Structures are given as C-alpha cells and as structure tokens.
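Number of protein chains: 2
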Amino acid sequence: MLSAIPKCVRTFAARDSLQHIWRSNRLFATMGGDSYTLKYFNFRVLGEPIRWQFALAGVPFTDQRIARDEAWDAEVKYKIGWGRLPLLVIGEKTEISQSAAISRHLATKYGLMPTNELHKTRCDELVDNLQDMRLLWRPYIRESDPVKKKILEKEMVEVNFPFYLPRFEDFIKKMGGKEGYAVGDSLTWADLYLANFIEIWTDNHGKELIASYPLLQQHMKKILDIPQIKEWNAKRPVTKF
Amino acid sequence: MLSAIPKCVRTFAARDSLQHIWRSNRLFATMGGDSYTLKYFNFRVLGEPIRWQFALAGVPFTDQRIARDEAWDAEVKYKIGWGRLPLLVIGEKTEISQSAAISRHLATKYGLMPTNELHKTRCDELVDNLQDMRLLWRPYIRESDPVKKKILEKEMVEVNFPFYLPRFEDFIKKMGGKEGYAVGDSLTWADLYLANFIEIWTDNHGKELIASYPLLQQHMKKILDIPQIKEWNAKRPVTKF
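Sequence lines, in order, name chains A and B. If you read the first sequence in numbering that gives the first Met the number 0, its first letter stands for residue 0, the second for the next number, and so on. If you read the second sequence in numbering that gives the first Met the number 0, its first letter stands for residue 0, the second for the next number, and so on.
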C-alpha cells in the first residue's frame with residue numbers, strides 16, 4: 000500500500016498517519032463522497048486554511064506536499080495548472096487552483112460560507128486584505144541573505160504589521176458578533192485564514208506582535224482551540240511558516 | 000451643485016458628465032436604491048470591472064478618482080479603510096474594500112454571479128490568477144527609470160505573458176461554453192476582469208501579445224462590444240492603464 004503514496008508525501012510526514020489518510024480518502028470516495036488531493040508545498044501559509052476545513056468537516060484528503068526546490072522552479076511548475084500551488088484535485092479530473100477559490104468552494108460544501116450576502120462580502124474582504132499583508136511579508140521569508148533578511152524583518156515589525164494589525168483588530172470589532180468570530184456570530188472560512196496568518200506571524204516574529212490587540216489574541220485562541228483543529232495541529236508536520 | 004462634487008473627482012473628468020452622474024446617484028438613492036461611490040485612482044486596473052458592472056446594471060455611481068501622489072503616500076492612505084483602493088461606499092456608512100470583494104458583491108446584486116457552484120469557483124479562480132499576473136506586471140508600471148522599465152517589459156513580454164496567456168486561452172476553452180464567455184454560457188463578473196486586463200495589457204504592450212490566442216481575442220471583442228460597456232468606454236477618462 001505504501002508504494003501508492005506519492006514520494007513527495009512520504010518525504011514530509013509520519014508514514015502511518017499519511018497511509019491512514021490515504022486509505023480513508025479512497026474509502027470515502029468508494030462510498031460516494033468526493034476524493035480530494037491537496038497539492039501544496041510543505042508550508043502552512045496558503046494550504047492550512049484548506050486542511051483545517053477538511054479536519055473540521057471530518058473529510059479525508061491526501062495531503063500531498065511538493066518540494067519547493069530547483070526542480071519546482073525549473074520544471075514541475077510548468078506542468079501544474081497555473082504554475083502555482085495550492086491546487087485541489089477533486090475525484091479524477093477536476094482541478095481547482097487558488098487558495099481562496101478552493102476555500103470558498105469547500106466552505107459552500109461543508110458549512111463555513113455565511114448565508115448573509117454582506118457577511119460573504121466581509122469574508123472576501125478580510126481574506127484579500129490578509130493576502131495583501133502576506134505579499135508584503137513574502138520578500139522577508141524568501142530572502143536568504145541574513146543581513147537583508149534582518150532589514151526586511153525590521154520593516155515588517157516596525158511599519159507593515161503596525162499598519163495592518165490594528166485594522167484586523169478593528170475589523171473583528173466592527174464585523175464580528177458577540178461570539179468573537181471575525182464575521183458575524185458563527186465560524187466562517189475567513190476565520191481560518193485570519194487565525195492561520197496570525198499564528199504564522201506570531202510564530203515567526205513573537206507573540207508581542209499582537210500584545211496590543213486583545214481581539215486578535217482571543218480570536219486566534221478560539222480558532223486554535225476548536226477540537227478538530229487542535230487535533231489536526233497536534234499531528235501536522237512542523238513547519239516554520 | 001458643483002461644489003458638492005469632491006475636488007478629486009473634478010480633477011479628472013468632464014464636469015458636466017460627472018455632475019450628471021452625481022445627481023443621478025443622489026436621485027437614485029432618494030428613490031430607494033443604494034447610493035454608491037467608488038473611490039479609486041485614475042486607473043482602469045482594479046476599478047474598471049466595477050465601473051463596468053454599474054454601466055451594465057444601469058446603476059448610477061459617483062466615480063471618485065483619487066490622485067496617487069505624494070499626499071496619498073504620506074497621508075491619505077492612512078485615513079482610508081485598509082489604506083488601499085478601490086473602496087466602495089454604499090449609502091452613508093457601508094464601506095467595502097478589495098476589488099474582487101466589491102465585484103462579487105455587485106455581481107450577486109445585479110445578475111453577474113453564476114448560480115452553479117462550480118462556475119462560481121471558476122470565476123474566483125480566473126480572477127485570482129489574473130491578479131497573480133497583475134502582481135508580476137506591477138513593478139513594470141511602477142518603474143520610473145526608463146532603462147530598468149525596458150528590462151522589466153522585456154521580462155513580461157518574453158517570460159511572464161507567454162507563461163500566463165496560453166493558460167487563460169486554455170481556461171476559456173475548457174471552462175467557457177458555446178457562447179464564448181470565460182465561464183459557462185453567460186456573462187459573469189469574471190469576464191469583466193479578463194477583458195479589462197487583456198485590454199490594458201494589449202494597450203500597453205501591443206496587440207501582438209494575443210496574436211496566437213484566438214479565444215482571448217474573441218473574448219475581449221465580445222465584452223468590449225456589449226453596448227453599455229461600449230458606451231461607458233467612449234465617455235470614460237483616457238488612462239494609460
């Protein structure tokens with residue numbers, strides 16, 4: 000059975016655990032559910048909100064982690080859809096690219112899409128603003144020269160985070176309800192993006208980043224404490240971002 | 000009446016035409032419709048698909064064009080929502096940021112959102128891939144040094160466009176229907192994004208960009224020939240991008 004698991008998957012995580020997911024995915028498919036393969040790098044960044052949706056829905060999927068290396072740059076990306084990951088393969092043929100497109104698709108299927116139209120719009124708005132912040136942060140994580148990396152981090156911590164984080168705090172205050180979710184009174188796919196990015200940014204730059212933002216702190220804790228997410232996080236491969 | 004029109008609006012377009020839009024917008028609001036103000040720079044890029052939606056729906060809006068200058072960088076952006084434009088103001092208080100979030104919101108209201116869930120996902124996917132292409136193109140339009148600009152253009156024309164454009168062509172082939180729209184058999188908000196970007200890129204880098212892509216050519220022509228869009232384009236301020 001192990002030989003059926005792609006090599007790139009085996010590289011990154013415990014064999015038993017992935018074999019289990021792989022088997023469940025095939026079994027789920029034979030029972031009439033969609034079979035899912037998520038292709039992404041061995042990062043949390045744009046893949047984790049999708050993985051969390053599967054964990055929340057109790058839907059098995061193959062968590063295929065592709066090496067982001069010279070082979071990717073030289074060859075692999077030219078063969079994969081739009082040359083970007085994540086990519087979700089549903090069944091045998093349907094491929095969906097783009098993290099937010101995949102997340103909206105699953106949210107609609109598995110109950111994390113709001114029914115209120117303005118709430119839907121607020122989810123879109125929050126996620127795209129998180130993406131803007133991520134794009135400012137990307138040069139920092141890609142930089143390999145330690146001196147330049149330090150300069151980029153300083154700019155993030157002194158300029159970009161202080162610009163965006165109070166706006167995310169303010170967003171929860173205005174758009175969230177009494178339950179402490181980001182949009183309205185129930186869990187949405189946008190909560191997963193927000194908590195994921197805040198977790199990654201505090202993991203990389205320290206918890207003091209959100210020391211002045213009580214709603215962001217409460218929000219991250221609330222999402223990470225959801226039992227299915229807690230369980231997934233305890234088992235997932237440990238990655239820097 | 001003219002004094003009621005913000006100065007930044009008056010800077011960019013014929014007074015009579017804008018005064019007319021402004022009056023219609025107020026009148027529309029008094030009749031129970033939402034009053035809309037679109038705040039964006041004097042660009043087409045992320046604003047035009049929104050303006051086209053208003054034109055298609057026959058809904059008046061205030062087309063407020065904000066100067067992207069030193070004052071923007073030093074001060075104005077800190078006072079505007081997420082510090083990014085476009086921003087749609089609905090009525091007195093509701094502000095929506097992010098081009099795609101605004102477009103989805105209007106598409107749902109005014110009939111350009113597909114009903115089929117997979118088609119919705121395909122629209123999201125297409126627009127986010129266009130955004131990735133736009134982000135590769137952005138350094139080129141922002142570069143002021145003519146030598147560096149030439150180098151960036153060469154990379155776009157020789158590397159990035161040849162990577163993405165065949166994928167957009169292929170997308171129409173696979174996801175479009177017999178009518179030549181990008182997704183399924185009817186006009187969606189994603190068609191407006193695709194035609195807008197292809198128009199801007201061919202305006203800036205020449206029609207030969209899409210010489211090998213008959214579906215992209217037909218698609219752009221089809222969208223630009225829609226009477227309401229034709230009429231809007233004939234009157235809009237002329238902008239480089």
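Quick reminder that beta carbons are idealized off the backbone N, C-alpha and C, glycines included. It should be emphasised that the depicted structure is a prediction, and the values quoted were computed from it without experimental measurement.
Give the single residue among the options whose Cα lies nearest to the Cα of residue i.
i	options	result
L125(B)	V158(B), F196(B), I101(B)	F196(B)
G90(B)	G32(B), M112(B), G175(B)	G32(B)
H104(A)	T120(A), H118(A), K92(A), L87(A)	L87(A)
T93(A)	M112(B), K76(B), T120(B), A100(B)	T120(B)
Y139(B)	T36(B), S34(B), F240(B), K108(B)	F240(B)
L215(A)	I199(A), R133(A), I171(A), D184(A)	I171(A)
L129(A)	K149(A), L193(A), A106(A)	L193(A)
R166(A)	R43(B), G82(B), H118(B), K108(B)	G82(B)
F162(A)	D131(A), V58(A), K220(A), D72(A)	D131(A)
P59(B)	D127(B), I209(B), P85(B), W231(B)	W231(B)
Y77(B)	I79(A), N159(A), E207(A), L134(A)	N159(A)
L135(A)	E157(A), E116(A), H118(A)	E157(A)
A181(B)	H218(B), E47(B), Y39(B), P48(B)	H218(B)
R137(A)	R67(A), M155(A), F40(A), T238(A)	M155(A)
N41(A)	G110(A), S34(A), V75(A), P85(A)	P85(A)
E178(B)	K206(B), K220(B), K147(B), E198(B)	K220(B)
Y212(B)	M112(B), I199(B), D169(B)	D169(B)
D127(A)	G110(B), G183(B), Q97(B)	Q97(B)
K148(B)	I222(B), H204(B), T36(B), E198(B)	H204(B)
S34(B)	E69(B), T238(B), G57(B), P113(B)	G57(B)
E152(B)	I95(B), D68(B), T201(B), A66(B)	T201(B)
I95(A)	L208(A), M174(A), L37(A)	L37(A)
A244(A)	T238(A), K173(A), P236(A), L164(A)	This structure cannot settle anything about residue 244(A), because the visible part of chain A is limited to 0 through 240.
A100(A)	K234(B), L117(B), M174(B)	L117(B)
P173(A)	E69(B), G80(B), E198(B)	For the record, residue 173(A) in the displayed sequence is Lys; it is not Pro. Checking every option, the nearest Cα to that of K173(A) belongs to G80(B).
V237(B)	E198(B), V75(B), G110(B), A73(B)	E198(B)
Which residue or residues does DSSP assign as beta-bridge partners of residue i?
i	result
F160(B)	Bridge partners of F160(B): none, in fact.
K38(B)	Q63(B), L86(B)
G183(A)	G175(A)
T93(B)	I89(B)
Taking buried to mean at least 16 other C-beta atoms within 10 Å of its own C-beta, is residue i buried or exposed?
i	result
D224(A)	exposed
I228(B)	buried
S102(A)	buried
R64(A)	buried
I150(B)	exposed
R141(B)	exposed
P145(A)	exposed
T61(B)	buried
A106(A)	buried
S143(A)	exposed
P226(A)	exposed
R14(A)	Caution is warranted here: a pLDDT of 37 is assigned to R14(A), below 50, making its placement in the model unreliable, and no coordinate value can be reported.
G176(A)	exposed
I222(A)	buried
V241(A)	Outside the shown range of chain A (0 to 240) lies residue 241(A), about which nothing can therefore be said.
D184(A)	exposed
E47(B)	buried
D123(B)	buried
A233(B)	exposed
Against chain C, does residue i count as a neighbour if the rule is that its beta carbon must be under 8 Å from one of theirs?
i	result
E207(B)	The question asks about chain C, but that chain is absent: this structure's protein chains are A and B.
**Study point:** the segment 95-109 of chain B: positions lying closer than 7 Å to chain A by Cβ
**Key:** I95, S96, Q97, A99, A100, R103, H104, T107
Exercise for review: Could you name the residues of the segment 70-92 of chain B whose beta carbon sits closer than 7 Å to any beta carbon of chain A, in the order they occur along the chain?
Suggested key: For the segment 70-92 of chain B, the residues whose beta carbon sits under 7 Å from a beta carbon of chain A are, in order, W81, G82, R83.
Check your understanding: For the segment 161-194 of chain B, which residues have a beta carbon sitting closer than 7 Å to at least one beta carbon of chain A?
Key -> F162, R166
Point to revise | Near-chain B residues of the segment 119-131 of chain A (beta-carbon distance less than 7 Å), N- to C-terminal order | key: T120, D123, E124, D127, N128, D131
Practice item. Indicate whether the contact test is met: 3 or more Cβ pairs, each with one atom in the segment 37-56 of chain A and one in the segment 185-192 of chain A, closer than 8 Å. Key: yes
Review point. Name the residues in the segment 136-158 of chain A whose C-beta lies less than 7 Å from a C-beta of chain B; which are they?
Key: none
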